[in-house]
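Numbering (full-length UniProt numbering), first residue to last: 1 to 79.
Think of the CB as a built atom: it goes at the ideal place given N, C-alpha and C, for glycine as much as any other residue.
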């Protein structure tokens, strides 16, 4: 069954306190080469047939993300 992956992250201009907390912890653990962290959500959708990109974008932007503060990236199955 084909899978569509949807990654959702906060827009760059939106503060990411969880990402900042992880970055601080990484620094305290000695991982100073990491200079930024953005946390997000990762969804894997099992799909039947071939839903259109527009339909998948609508699903992502109306149910999986808040488009005011989050960006969505779709990873569609290889045809």
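Exposure label - residue i; buried when at least 16 CB within 10 Å
i: residue 25; result: exposed
i: residue 65; result: buried
i: residue 69; result: exposed
i: residue 59; result: buried
i: residue 44; result: exposed
i: residue 6; result: buried
Rounded Cβ spacing between residue i and residue j (contact assumed at less than 8 Å)
i: residue 18; j: residue 77; result: Actually they do not touch by this definition, with Cβ atoms about 30 Å apart.
i: residue 23; j: residue 34; result: 7 Å
Proximity winner among the options, relative to residue i (alpha-carbon distances)
i: residue 63; options: 41, 50, 49, 48; result: 41
i: residue 16; options: 31, 39, 28, 27; result: 39
Contact check, residue i vs residue j, beta carbons under 8 Å
i: residue 74; j: residue 54; result: no
i: residue 72; j: residue 61; result: yes
Cutoff 8 Å: residue i Cβ touching any chain C Cβ
i: residue 68; result: Looking for chain C here will not work: only one protein chain is present.
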